Amino acid sequence: MRRFALASSWIFPVALNRLVLYAGTSPIGKENKWLQRVKKSTWEGVWIGPDLTCLKEAEEIALNQDVILFYIHGGGFSMGHATMYMQSFRLIIETLYKVYGKKANILSLEYSLSPEQVWPKACYEAVDGYRYLIHELGIESSKVVFIGDSAGGNLIASALLILKDQRSNEQLKELAPLPLPAGAALISPWVDLTPVQTTHQSDTLSSNLLFQCLNQYLADQSMIHHPYVSPFYGDFSSLMCPLFISYGEHELLRTSIELFISNLKESGNDPTVLKGENESHIWLIFSVMATSRQVFDKDINALIKWISGNVINFEPK
Ligand SMILES: *[C@@H]1O[C@H](CO)[C@@H](O)[C@H](O)[C@H]1NC(C)=O
């Protein structure tokens, strides 16, 4: 009886999943010298870059970089952490410098996970993290590129819509509006939270898992079509900064991402699309999910090339 109660409460699976994920993805060895944590009253994050000795130094370095990547991790809004893709983060920073001559650091958002915190908290933490870059540190928006995978891609797309709404709302304009970033990359983004029809796709995601994540994240299910919950239903017309979207041929989210891409095109956007043949969820950022290391290298390099081509070239209106 006791055991049943434990297993049926949310605490057990969420805590266990978080632990397993953390054990498999926590930074190792010298990677710990790449990290400086930033804690503010409304949000938290981690600066990631080579040899950061203290936060003040990380912030000073950030001002002199060519590119700042604002990263939001995935994990169904309930798992994962800001430093979970260190291998990819290092590869992106090192390649931007070696191949493209651009100095880059990453600010990775450590947003509040559900079920302890529910929607819309993480969306506003994302906006506050970006506000810190622009208004507190004074970094030019033309140097900032947003990147998010899975649920993090959802938060990136929601943050873009919040920025757009704040710019067009006369009352909110008074509050020093935030410019759009130089670009946004959505990696296997979970843009539509309405239940997925089970299809033939083979993927690490299942509709059950997504449904559990949804129930933990969204207290009021009647909000499911709200654009900050499911950016799929948002209006991206006349927004927009350059977009990059990747998804795998075999992923459960494929249909919704393809529809999202065609909606974006209809509303006047021209996203750069990378479809991974034979690939499944988030292979582009998490090499263990890719069918081979070669595919991972090729595809993450396509993202890096896109990043290098977009910063500084984009002038927000
Ligand atoms: C995808 O899988 C098919 C069947 O296994 C194979 O023939 C094809 O070469 C694969 N494509 C890539 C890009 O690996």
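Position in the sequence shown counted from 1, then plus 1448, gives you our numbering.
The beta-carbon is built from N, C-alpha and C at its ideal position, and this holds for glycine as well.
Since this is a predicted model, take the numbers as computed values, not measurements.
By alpha-carbon positions, which one of Lys1746, Gly1522, Gln1535 ends up nearest to Pro1498?
The residue given as residue 1498 occupies position 50 in the sequence shown. It is Gln1535.
Is there contact here, the stretch 1537-1550 with the stretch 1487-1502, by at least three beta-carbon pairs under 8 angstroms?
Yes, the stretch 1537-1550 touches the stretch 1487-1502.
Which ranges would you report for the beta strand (DSSP E) in the stretch 1623-1666 if only whole runs of at least 3 residues count?
DSSP runs (the beta strand (DSSP E)) wholly in the stretch 1623-1666: 1631-1635.
Return the CA-CA distance between Pro1643 and Glu1699, expressed in angstroms with no decimal places.
Position 195 of the sequence shown holds residue 1643. Position 251 of the sequence shown holds residue 1699. Distance between the alpha carbons of Pro1643 and Glu1699: 15 angstroms.
Which one of His1521, Lys1550, Tyr1519, Tyr1533 has the shortest CA to CA distance from Asn1512?
Here residue 1512 corresponds to residue number 64 of the sequence shown, with the count starting at 1. Closest option to Asn1512, Cα to Cα, is Lys1550.
Taking the beta carbon of Arg1702 as the centre, do at least 16 other beta carbons fall within 10 Å, making it buried, or is it exposed?
By one-based count along the sequence shown, residue 1702 stands at place 254. So Arg1702 ends up on the buried side.
In the stretch 1526-1578, which residue ranges form an unbroken beta strand (DSSP E) of at least 3 residues, counting only runs that do not cross its ends?
Fully enclosed beta strand (DSSP E) runs of 3 or longer: 1552-1557.
8 angstroms is my cut-off, CB to CB: does Glu1564 come that close to chain B?
The chain labelled as chain B is not found in the depicted structure, where only one protein chain is given.
For a quick check, are the C-beta atoms of Phe1537 and Ile1554 less than 8 angstroms apart?
Here residue 1537 refers to the residue found at position 89 of the sequence shown. Here residue 1554 refers to the residue found at position 106 of the sequence shown. Yes, Cβ-Cβ distance for Phe1537 and Ile1554 is below 8 angstroms.
Just checking, does the stretch 1520-1529 make contact with the stretch 1610-1618 on the three C-beta pairs under 8 angstroms criterion?
No contact exists between the stretch 1520-1529 and the stretch 1610-1618.
Residues bridged to Gly1724 by DSSP?
Stepping through the sequence shown from its first residue, residue 1724 is reached at position 276. According to DSSP, which records beta bridges pairwise, Gly1724 is partnered with Gly1696.
May I ask you to check if the CB of Glu1725 is nearer than 7 angstroms to at least one heavy atom of ligand 1?
Position 277 of the sequence shown, counted from the start, is the residue given in the question as residue 1725. For ligand 1, at least one heavy atom lies less than 7 angstroms from the Cβ of Glu1725.
With C-beta atoms as the reference, is Ile1705 less than 8 angstroms away from Tyr1533?
As a first step, residue 1705 must be located in the sequence shown, where it is residue number 257. As a first step, residue 1533 must be located in the sequence shown, where it is residue number 85. No. Outside cutoff.
Closest to Pro1719 by CA distance: which of Ala1632, His1583, Met1737, Trp1638 is it?
Within the sequence shown, numbered from 1, the residue matching residue 1719 stands at position 271. Considering only alpha carbons, the answer is Ala1632.
Here's the rule I'm using: 16 or more other beta-carbon atoms within 10 Å means buried, otherwise exposed. How should Asp1683 be labelled?
Working through the sequence shown from its first residue, we reach residue 1683 at position 235. Looking at its Cβ environment, which holds fewer than 16 other Cβ atoms inside 10 Å, Asp1683 is exposed.
Report the residue from Lys1546, Ser1728, Trp1482 whose alpha carbon sits nearest the alpha carbon of Gly1696.
Mapped onto the sequence shown, residue 1696 falls at position 248. Taking only the C-alpha atoms, the option nearest Gly1696 is Ser1728.
Output yes or no for whether 8 angstroms exceeds the beta carbon distance between Ala1599 and Cys1571.
Locating residue 1599 in the sequence shown gives position 151, where the first residue counts as 1. Locating residue 1571 in the sequence shown gives position 123, where the first residue counts as 1. No.
Determine the DSSP secondary structure at Ile1407, reduced to helix, strand or coil.
Residue 1407 lies beyond the residue range present for the chain, which begins at 1449 and ends at 1765; the question has no answer from this structure.
Check each candidate in Ile1730, Ser1685, Pro1461, Ala1506 and name the one with the smallest Cα separation from Ser1710.
In the sequence shown, residue 1710 corresponds to position 262, counting from 1. The shortest C-alpha separation from Ser1710 is found at Ser1685.
For Tyr1548, which residues of its own chain have a beta-carbon under 6 angstroms away from its beta-carbon, when the five flanking residues on both sides are left out?
Reading the sequence shown from its first residue, position 100 is the one you call residue 1548. Closer than 6 angstroms at the Cβ level, and outside the excluded window around Tyr1548, lie Ser1756.
Taking the C-alpha atoms as reference points, what is the distance between Asp1651 and Arg1466?
Here residue 1651 refers to the residue found at position 203 when the sequence shown is read from its first residue. Here residue 1466 refers to the residue found at position 18 when the sequence shown is read from its first residue. Using only the alpha carbons, I get a separation of about 20 angstroms.
Using only CA atoms, which one of Phe1518, Leu1657, Tyr1545 lies nearest to Gly1601?
Residue numbering aside, residue 1601 sits at position 153 when the sequence shown is read from its first letter. That would be Phe1518, whose Cα lies nearest to the Cα of Gly1601.
Could you tell me which whole beta strand (DSSP E) segments of length 3 or greater appear in the stretch 1585-1618?
Within the stretch 1585-1618, the complete beta strand (DSSP E) runs of at least 3 residues are 1592-1597.
Would you mind sorting Lys1546 into buried or exposed? The rule is 16 or more other CB atoms within 10 Å of its CB.
For the purposes of this step, residue 1546 is taken as residue 98 along the sequence shown, with counting starting at 1. Lys1546 is exposed by the Cβ-count criterion.
For Met1688, which residues in the same chain have their Cβ closer than 6 angstroms to its Cβ, ignoring the five residues on either side in sequence?
Residue mapping note: residue 1688 aligns to position 240 of the sequence shown, counting from 1. Contacts found: Asn1717.
Are the CB atoms of Asp1514 and Ala1552 nearer to each other than 8 angstroms?
Here residue 1514 is taken as the residue at index 66 of the sequence shown, counted from 1. Here residue 1552 is taken as the residue at index 104 of the sequence shown, counted from 1. Against a cut-off of 8 angstroms, the Cβ pair of Ala1552 and Asp1514 comes out as a contact.
Count the other CB atoms within 10 Å of the CB of Glu1507; is the residue buried (16 or more) or exposed (fewer)?
The sequence position of residue 1507 within the sequence shown is 59, counting from 1. Buried: at least 16 other Cβ atoms inside 10 Å.
Around the C-beta of Ser1457, are 16 or more other C-beta atoms found within 10 angstroms, so that it is buried, or is it exposed?
As a working mapping, residue 1457 is identified with position 9 in the sequence shown. The predicted position of Ser1457 is uncertain, since its pLDDT is 39 and thus under 50; no value can be drawn from it.
Within the same chain, show all residues whose beta-carbon is closer than 7 angstroms to that of Asn1758, passing over the 5 residues directly before and after it, in chain order.
Here residue 1758 refers to the residue found at position 310 of the sequence shown. The answer, listed in chain order, is Val1593, Ala1630, Gly1631, Pro1690.
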